[in-house]
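These notes are about the structure you will find just below.
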Amino acid sequence: MSDVPEDDPAALYAVLNVTREASDADIKRAYRNLAQLYHPDKQTDPGLKQLAETSFTRIQAAYEVLSDEAKRSVYDVYGKQGLEAGLAVTTHQAKNHKDLQRNWQKFQEQQAEQKMLAQVSHRGHYVVRVDASNTLHPYDRSIDSTPEITSIIMQDNVHLPLSSDTAASIGCQAGVRRGLGFGAFLCGIRRDLTPQTCIEAQGMLGGLKALLTLSSTQRFGDAATATIAGTYSHRQGMGMQISSTHKLGARWQGEAAAIMGVGSIAGISLGITHQAERYQASAKLEVGMQAGASARWVWVPGNGTTARVAARWGLTGAQVEVGASHKLADFSTAGCTIAVGLQGVIVKPSYARGSHVFEVPILLSDTYRDPVALAVATLVPPLLSLSLHYCLVKPLRRHWKVKEALQRRQANTREVRAALATAEGDNALMAPVARRQLDAQAAKGGLVIIDARYGDLEAILQDEQERIARLNSSGEASTSFQQYPAAAAASRWQAIQEEMDLEDDPEIRSAVEAALAAQEPPCAWADVTTAVRYLIKGSTFDFFSDISKSGLLGFCDVSPGSDKALRVLFFHKSQPLAATFLDLEGGRLPDKGAPLQSDSAIVALHKLAASQNITLQATEDEHAQQPTANGHVQ
Numbered sequence: 015m016s017d018v019p020e021d022d023p024a025a026l027y028a029v030l031n032v033t034r035e036a037s038d039a040d041i042k043r044a045y046r047n048l049a050q051l052y053h054p055d056k057q058t059d060p061g062l063k064q065l066a067e068t069s070f071t072r073i074q075a076a077y078e079v080l081s082d083e084a085k086r087s088v089y090d091v092y093g094k095q096g097l098e099a100g101l102a103v104t105t106h107q108a109k110n111h112k113d114l115q116r117n118w119q120k121f122q123e124q125q126a127e128q129k130m131l132a133q134v135s136h137r138g139h140y141v142v143r144v145d146a147s148n149t150l151h152p153y154d155r156s157i158d159s160t161p162e163i164t165s166i167i168m169q170d171n172v173h174l175p176l177s178s179d180t181a182a183s184i185g186c187q188a189g190v191r192r193g194l195g196f197g198a199f200l201c202g203i204r205r206d207l208t209p210q211t212c213i214e215a216q217g218m219l220g221g222l223k224a225l226l227t228l229s230s231t232q233r234f235g236d237a238a239t240a241t242i243a244g245t246y247s248h249r250q251g252m253g254m255q256i257s258s259t260h261k262l263g264a265r266w267q268g269e270a271a272a273i274m275g276v277g278s279i280a281g282i283s284l285g286i287t288h289q290a291e292r293y294q295a296s297a298k299l300e301v302g303m304q305a306g307a308s309a310r311w312v313w314v315p316g317n318g319t320t321a322r323v324a325a326r327w328g329l330t331g332a333q334v335e336v337g338a339s340h341k342l343a344d345f346s347t348a349g350c351t352i353a354v355g356l357q358g359v360i361v362k363p364s365y366a367r368g369s370h371v372f373e374v375p376i377l378l379s380d381t382y383r384d385p386v387a388l389a390v391a392t393l394v395p396p397l398l399s400l401s402l403h404y405c406l407v408k409p410l411r412r413h414w415k416v417k418e419a420l421q422r423r424q425a426n427t428r429e430v431r432a433a434l435a436t437a438e439g440d441n442a443l444m445a446p447v448a449r450r451q452l453d454a455q456a457a458k459g460g461l462v463i464i465d466a467r468y469g470d471l472e473a474i475l476q477d478e479q480e481r482i483a484r485l486n487s488s489g490e491a492s493t494s495f496q497q498y499p500a501a502a503a504a505s506r507w508q509a510i511q512e513e514m515d516l517e518d519d520p521e522i523r524s525a526v527e528a529a530l531a532a533q534e535p536p537c538a539w540a541d542v543t544t545a546v547r548y549l550i551k552g553s554t555f556d557f558f559s560d561i562s563k564s565g566l567l568g569f570c571d572v573s574p575g576s577d578k579a580l581r582v583l584f585f586h587k588s589q590p591l592a593a594t595f596l597d598l599e600g601g602r603l604p605d606k607g608a609p610l611q612s613d614s615a616i617v618a619l620h621k622l623a624a625s626q627n628i629t630l631q632a633t634e635d636e637h638a639q640q641p642t643a644n645g646h647v648q
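Numbers in our numbering are just positions in the sequence shown, counted from 1, shifted up by 14.
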């Protein structure tokens, strides 16, 4: 295990158990308290001495960084990577302000280059139109009424930055409609002249749209923007468009646009948008060759679900759209929209993966007065969506998550075993002090920790229920993590270290990895009872927010890449309580505790306390909570 914990940007604070805002005095005090316990000179047993050396090295490494103002500043911003890059050393050795500025500019240039590379994006839009009107109302029963694909349109575009202020785009469009093919090649370039002004040029070869477009956009602070664009088409000649947006308040925005000289689309439009926390409403009025009015309302109830309602009325008729979408994963969204208008009844299922969108508009009927098509469009998509969600998507998602978690744990088996061995060693060193503090708390009826587990919450709760059932049926308490002798913990830790040293040989490493792959992955949680007992001072303890508990001494990450939590079962003033903390959640014990609800859980907790030789200080009001001989609470 490295001297500086990885990944978590607050790991060093967790090692010393201090907040990010801790003063130098707080850091020094925490270091001295831990050094008194973990200093190797305080251990006489050779095995425990090695354990203490490993833990003390971590404590010392954390103190060296957090007690140095320059290193701490770099660590707070860039984490361990900043320390490994030598930023702290460079900053510390810089002779003057120019050296500091030069180093900072070099780092910013590297960050800007990485950001520019990350901005390369590939977007795609794919539409497959299907005519199923003959399926619902076949013209002739003897003729095949299978839905017919009427058109396929594909559009791809790649956006790539050429410099910090210039970007280019290149793309193509291709499709087939009723057996006739068409296509177009698109390219463009955009340049920021100033932070407020940019110009853009786009061209198209093929198709029936404009062949050339030149535009300029001017930003007037954060409140308004204006764009002027000139277009040229070999069919419609020259044209110009002027548009502007303006903030009308904290949540309101207005827009106006005028199109001149482009034939059928010339006109003026006015729009307004209201943005709230959970919804967005917008309306638009158009005057000209395509006169009409439209309105749109989007509602985001939460849990990745979005609902939409839109309506439009114009010279070509009216149309109403109702739809919803749901986020399936971090980059995947599925949805469906129902459109009813003069074009008929259309159902539009869609799926988006990253920046690629797939749509399949299905024409159910060419008239909006078809009751069968309306019923199918209204009932089938919601019922099909619910059925797929509960019968297919949800079980598959759960299966994939479990599989991914198991694969992560399997892939990290060796590291997890080493982390568990180190945590077990930390607990072995803490055990004598933790036991004295536990007995003191039990004697005065204070905060008595009976069981604490850290890791996958679902696995912890499942094991907790199994232990409750086992304790109530047999009365035998399972051996807890902290009950292992210190010598045994030292022996196991030494064996792990020797095994890891042997794995420097490639042949041995491959053989060990193959053997680990065949084994069951480690348990998804770790017993941290001793560590939590050690942390209790004065009948209370505060867990700090935004600091992963995996960095605390005696804790370890047994489920890399998964969400983790801490589950604590304890007594306070002889009352049986339970508390759950998410990994980055702050809170105080015993304030976070909630009473156990079931008699079986209370009985099991008393039995578990008795198996650990814990004598609770009962008050007069607690006698009713004590379990009787037949296993019930009086």
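Even for Gly, the Cβ is constructed at its ideal location relative to N, Cα and C.
Asked                                                                                                        : Found
Spatial distance of Lys653 from Pro54 (CA atoms)                                                             : This structure leaves residue 653 out entirely; the chain is present only between 15 and 648.
Residue ranges of each beta strand (DSSP E) within the stretch 442 to 480, 3 or longer                       : 461 to 469
Any beta strand (DSSP E) of 3 or more consecutive residues that is wholly inside the stretch 131 to 212      : 135 to 145, 162 to 175, 180 to 191 and 194 to 208
Through-space distance from Val323 to Glu335, alpha-carbon basis                                             : 6 Å
Beta bridge counterpart(s) of Phe584 as assigned by DSSP                                                     : Ile463 and Leu591
Cβ contact check for the stretch 169 to 188 and the stretch 401 to 421: 3 or more pairs under 8 Å            : no
Limits of the unbroken alpha helix (DSSP H) element including Tyr548                                         : Thr543 to Leu549
Which of helix, strand or coil DSSP assigns to Glu78                                                         : helix
Residues sharing a beta bridge with Cys350, DSSP                                                             : Ala338 and Pro363
Whole-angstrom distance between Lys606 and Lys621, CA atom to CA atom                                        : 23 Å
Run of the beta strand (DSSP E) containing Ala240, from where it starts to where it stops                    : Ala238 to Ser247
First through last residue of the beta strand (DSSP E) which encompasses His53                               : Counting along the chain, His53 falls outside any beta strand (DSSP E), and DSSP gives it neither H nor E.
Backbone secondary structure at Leu225 - three-state DSSP                                                    : coil
Alpha-carbon to alpha-carbon, Glu418 and Gln357                                                              : 46 Å
Cβ-based neighbour list, Gly306, same chain, cut-off 7 Å, excluding 5 preceding and 5 following              : Glu300, Arg326, Trp327, Gly328 and Leu329
Phe234, buried or exposed, once every other Cβ within 10 Å from all chains shown has been counted against 16 : exposed
Reference Asn148, options Val141, Ser156 and Val142, closest by Cα                                           : Ser156
Secondary structure of Leu630, DSSP reduced to three states                                                  : coil
Three-way DSSP call (helix, strand, coil) for Leu329 in this model                                           : coil
Inter-residue spacing [alpha-carbon to alpha-carbon] between Gln133 and Ile213                               : 19 Å
Simplified DSSP assignment, three categories, for Thr33                                                      : coil
Selected residue, minimal CA-CA separation from Val29, among Ala483, Asp38, Ala39 and Leu48                  : Leu48
Residues sharing a beta bridge with Leu603, DSSP                                                             : Phe555
Extent of the continuous alpha helix (DSSP H) to which His620 belongs                                        : Asp613 to Ser625
C-alpha gap between Gly195 and Gly189, whole angstroms                                                       : 6 Å
Residues bridged to Ile376 [DSSP beta-bridge criterion]                                                      : Val144 and Val361
Beta-carbon proximity of Asp182 to Gly202, cut-off 8 Å                                                       : Strictly speaking, residue 182 in this sequence is Ala, with Asp absent from that position. Going by C-beta atoms, Ala182 is nearer than 8 Å to Gly202.
Distance between Asp541 and Ala454 (C-alpha atoms, nearest Å)                                                : 22 Å
Straight-line gap, Glu269 to Asp380 (C-alpha atoms, nearest Å)                                               : 34 Å
Any chain D beta carbon closer than 8 Å to Tyr382                                                            : Among the chains of the structure shown, chain D does not appear; only one protein chain is present.
Helix, strand or coil at Ala264 according to DSSP, with G and I counted as helix                             : coil
Distance between Ile242 and Leu228 (C-alpha atoms, nearest Å)                                                : 8 Å
For Val301, the residue or residues it bridges with in DSSP                                                  : Ile282
Expected contact under 8 Å - CB spacing of Ala445 and Thr544 to nearest Å                                    : 6 Å
Where Asn389 falls: helix, strand or coil (DSSP)                                                             : Before going on, a small fix: residue 389 reads as Ala here, not Asn. Helix at Ala389.
Beta-carbon proximity of Gly355 to Gln333, cut-off 8 Å                                                       : yes
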